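What follows is a set of notes on a single structure, which appears directly below.
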Amino acid sequence: MSKIEKIVDDLSSLTVLEAAELAKALEEKWGVSAAAAVAVAAPAAGGAGAAPVEEQTEFTVILKSGGDKKINVIKEVRAITGLGLKEAKDLVEAGGKTVKEGISKDEAAKLKKQLEDQGAVVEVK
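End of the sequence shown sits at 125 in UniProt numbering; the numbers just go up one at a time, nothing left out.
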């Protein structure tokens, strides 16, 4: 067994607390920070010197304005959210309110199109 394999085996057997203590001890002994090592390693892994960017997986549909056809937008909001008439009306009239959050990109695009077809101004974040 090589030195590296032995070290890997030894490190694998550590508890989380022991691993944290080890990291702190190495930081003190070598005068470095584990966070700095991660920051330096990330660009190297990115290939072209840029850190990889995580792709957004959850989106939020925000109704900016009900537009000229508020009644149609209120009906659409009710269909999408299951809200009552008063709650949907309040959401549409307030503007800048979240219609649905934590949804996929495809679903967000579909809801945006549905609302915009009714005359609403919509933003997806």
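All C-beta atoms in this analysis are idealised placements derived from N, C-alpha and C, irrespective of residue type, glycine included. Bear in mind the structure is a predicted one, so any value in this text is a computation, not a measurement.
Check: Taking C-alpha atoms, which residue in G95, I62, V99 lies nearest to R78?; Outcome: V99
Check: Using the Cα positions of K110 and A23, report the straight-line distance between them to the nearest angstrom.; Outcome: 47 Å
Check: For my contact list, K69 and Q118 are in at a C-beta cut-off of 8 Å; report their separation, rounded to the angstrom.; Outcome: 6 Å
Check: So what's K97 in DSSP terms, helix, strand or just coil?; Outcome: strand
Check: Tell whether a beta-carbon distance below 9 Å holds between S104 and F59.; Outcome: yes
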